[in-house]
Every structure is written in C-alpha cells, then in structure tokens.
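Q:
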Amino acid sequence: MSDQWQVWDAEAPADRDEWIALWAASDERQPFAHPDVCSLLRPAEGRLMAVALSHGGGHVLYPFFLREISGSEGWRDIVSPYGYGGPMHWGLTDVAATSEVFWHRFDEWARQHSVVSEFSRLSLFGETLLPYRGATRKRQNNYVRDLSVSVEELGWEVAPKVRSNVRRARREGVTIVIDTDGEFVDDFVRIYTETMQRRDSADWYRFERPFFDGLHAALAGQFAYVYAELDGRLVSADLLLFGTDTGYYFLGGTEAAAFRARPNDLVKMESMTWLKARGCRSYVLGGGVTAAADDSLDRYKRGFAPHGRVDYLTGERIISAQAYDALLTAHRQRLAARGLDFDESSDFFPAYRRGAELLTSATDAAPTAGGEASGSPTAGGSAPAAVPTPARQAEPARS
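First residue of the sequence shown: 12, per our numbering; consecutive thereafter.
1) Can the beta-carbon of F76 be found less than 8 Å from the beta-carbon of L59?
2) What residue does the alpha helix (DSSP H) around P74 start on, and which one ends it?
3) Measure from the alpha carbon of D198 to the alpha carbon of each residue in M207, F353 and V246, then state which is nearest.
4) Which one of E194, F136, A146 and D358 has the shortest CA to CA distance from D157?
5) Taking the alpha carbon of V106 as the reference point, which residue from S131, P317 and T139 has its own alpha carbon closest?
6) Within 10 angstroms of the Cβ of R365, are there 16 or more other Cβ atoms? Answer buried if so, exposed if not.
7) Let me know the alpha helix (DSSP H) ranges lying completely inside the stretch 62-145, each 4 residues or longer, listed in chain order.
8) Could you check the C-alpha separation between D375 and R345 for me, to the nearest Å?
9) Would you report the Cα separation of T257 and T284, rounded to the nearest angstrom?
10) State the DSSP-derived secondary structure class of S37, mapped to helix, strand or coil.
11) For the beta strand (DSSP E) that contains S247, what are its first and last residues?
12) With DSSP as the reference, identify every bridge partner of L241, one or two as the case may be.
13) Just to confirm, is the Cβ distance from L250 to L262 under 8 Å?
14) Once the 5 residues before and after V196 are set aside, which same chain residues still bring their CB inside 6 Å of it?
15) In terms of alpha-carbon separation, which member of E129, T204, S175 and G264 lies closest to Y363?
16) In this structure, how does DSSP classify G193 when only helix, strand and coil are distinguished?
17) Quick check on I89: buried or exposed, where buried means 16 or more other Cβ atoms within 10 Å of its Cβ?
18) State yes or no: is the C-beta of H45 nearer than 7 Å to some heavy atom of the ligand ZN?
19) Who are the near neighbours of A121 in its chain, counting only those whose CB is closer than 7 Å to its CB and skipping five residues on each side?
20) Give the range of the alpha helix (DSSP H) segment to which Y335 is assigned.
21) Could you check what DSSP says for T301 in three-state terms: helix, strand or coil?
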C-alpha cells in the first residue's frame, strides 16, 4: 500500500467525515482527537485542522488549530486542542521510519503555509505518540490509575484518607447512579455550575447544556456521568470520557451542602471500578490547578493514584526562526511602547504571545488564544515593518 498524506479542515464536511472515519478505525478512539470534541474545546480563534499519514501498514493522526498571528503580514502558528494530543499512531511496523516521513511531510506543509511555531499538549502515553521533533517541557504532574489490578487492590491502593472518606460516604447513605446517555445531564450542569461559581473559575470553564449535548453526539457510547445520590438528590458528579483502553476524568463538581458526606471520594472510586469492568486499563485523573507542590487539587487526585504520577509534557517547536525572532522583537516593542515589561521569567510559548493580554484594549485586534495556558485570551497589535513577509502565502487546504 502506498503512502497517503492528507490535510483536513474540520469546517469542510467531506474532510470532517474522513477524519471521523479514521478516528473511528483507530485502536484507541481517543476522545480528544475527535473533530467535534476538539471544536467544542476550541480556543478563542483558529481553524481546526488535522494531518493524517498512512504509512508502513499503520496510521498517524494529528489534530491542531491553525491561528493567524495578528499584525504579522500573514504568519501563522499552531496550537493543539485542549486535553491530550500530539501525533498519535497505531498499526505501524517501524515507528522511527514513519516518524521521519511524517515530520518531513508536516514541516514541508508548515513552511508552505507560513507556520512560525507549534505548541502541542502531549498524550501521557508516549508509546502511542510519534517521537516529538522539538523541545518538551514538564508543565505539571498528572495522575494515572492502573486498572489492571484486582478490584480488591483497586480499593486498597489509595490514600488512607480516601478509604476513610469512602466509608463515611456509605455510612451517610450515599449511593451511586451511572448515566451513560445523558438522562440526568441537567443535574450535572446544576452541580457543575455551582462548583465553578464557588471557585470563581474563568468563563472558559463554564459550560452550558448545548456543550454537553455536543459531547453526547460526538462520543456516543464513550462517556458516562457518575453521580452520588444523597437523600433523593444528586449532589456530586464526575463526567468520564473514555476510549478503548483509557478513561479520562473530564469535569466534575459537588454541592457544598453535601461536603460533610464526602460523596466525591465514592464517585471517583466507583468510576474506577466501572471503567475497569468495561475493559479500561488506565484511568487518567489529571493534575492540579498549578504545578506547585502544595496544590490542593493535585494532592486530592494523588490520593486515588499514589503510585501513578506521570509528567504532563508539552511540545514546543520553532519552525521559522527568522520570523519567530522578528515577531518577538516586535512584541517587545509594543509592550515597551505601552510602558509594560516583557516577563522574562515566564515559560509561556510562543514568547511573542507572552503577556499579550496586557495589550488588549478597544483599539487592539480581536483576541486570540494563548499557547501553554489553554483558553487564555491574548491579543496582538500592529507589528513593525521588520517582521518579514512570508515568501509564500497559501490557504490551509489539502496539499
């Protein structure tokens, strides 16, 4: 079978259909690689695309958003969708050989389409990713629970506090309801909204009913709501997304009035038991709010997977060094012109978008999505003439 290289635009119906067909045929059916899920979690701007390579008896699929760089005379950059991504592969006979072919074709396409840099949120499971051709950076700890152990071990290999809270929840009369078709989604929205309001979370994390309807349509048979019921009322819930082998904690919350019964500890334990029963081998709990050692959410999730710490990495590449340097110089000049300092200590990538939210005003260009801070709004301005014009300005179509 000859190699096949494809570039898909999710807004083109035929491209979307081909993307979904390849995703559905993949070994893992990773939830965050489905085009409709990517679209639901899209940043403030960008065109949702994917490249796919059939080679060596297998396949590679890499979704991303292609973003225009405001004021740059046509330059663009790439950021992966929210969640866990990167160039995923399956069925390959020689990963190294396919990697060489893939990155050669991808970089050729990127140069033709004036791509300056790439920021990718990488899967926790390196064996399913092509070797990344760029720098990687640890962003925080994530926790993955091994579900291949016995049910008894699953219950014992947690922090003592978790076991205590599970016993308390059961004594208080908490029971579990599992919903795999969204029957009680309005209860989830109620619980989740209260939780986000209590935490004063950013608007990006505040999802309403249509968002969940979209998830149900995209991932039919690959989601579940695990609820805790107390005194006839659903009071705590986790939304799970799952592929063939791996489950992911996605969203969740608990009513403040139910804290005393510790319902969410029971929800998470029953989530792991349920995922194990349906054949999942791993459960990704995610990480904390920050990378700090004293992050309370990190500590909470660690309790369910004390031996399951995994580094959450992002990939960073500069594809056109000349354009990157010019964009960074122009960005520094815009900040200086406003009397603002460039944050030298930040690890935000790409650096020419670092601190760009400080430039936002009524006269600025429309907001664009950030790099390492998913969903954070940033804005560009007018770049000095020193920023080079791309040698070739091509529309991001199949090539």
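Beta carbons are placed, not taken as given, at the ideal position from N, Cα and C, and that holds for glycine.
A: By the coordinates alone:
1) Yes, these two residues count as a Cβ contact at 8 Å.
2) Unbroken run through P74 is the beta strand (DSSP E), G69 to E79; no alpha helix (DSSP H).
3) Per the Cα distances, V246.
4) If we check each option's Cα against that of D157, F136 comes out closest.
5) V106 has its Cα closest to that of T139, out of S131, P317 and T139.
6) Residue burial is scored here from C-beta neighbours: R365 has at least 16 other C-beta atoms within 10 angstroms and is therefore classed as buried.
7) For the alpha helix (DSSP H) assignment, the uninterrupted runs of no fewer than 4 residues enclosed by the stretch 62-145 are, from N- to C-terminal side, 106-123.
8) Any reading at D375 must be qualified, since the residue scores a pLDDT of 34, below 50, and its modelled position is unreliable; the value itself is stated next. So the alpha carbons of these two residues sit roughly 11 Å apart.
9) Rounded to the nearest angstrom, the gap between the Cα atoms of T257 and T284 is 13 Å.
10) S37 carries a coil assignment under DSSP once its states are collapsed to helix, strand and coil.
11) Counting along the chain, S247 sits inside the beta strand (DSSP E) bounded by residues R244 to F253.
12) Per DSSP, R244.
13) L262 sits close to L250, with the two beta carbons spaced by under 8 Å.
14) F223.
15) Comparing Cα-Cα distances from Y363 to each of E129, T204, S175 and G264, the minimum goes to E129.
16) Three-state DSSP puts G193 in coil, outside helix and strand.
17) It counts as buried.
18) Among the components of this structure there are no ligands whatsoever, and the ligand ZN is therefore not found.
19) Same-chain partners within the cutoff: I330.
20) Taken as a continuous stretch (DSSP letters only), the alpha helix (DSSP H) holding Y335 covers A332 to A348.
21) T301 falls in the coil class under three-state DSSP.
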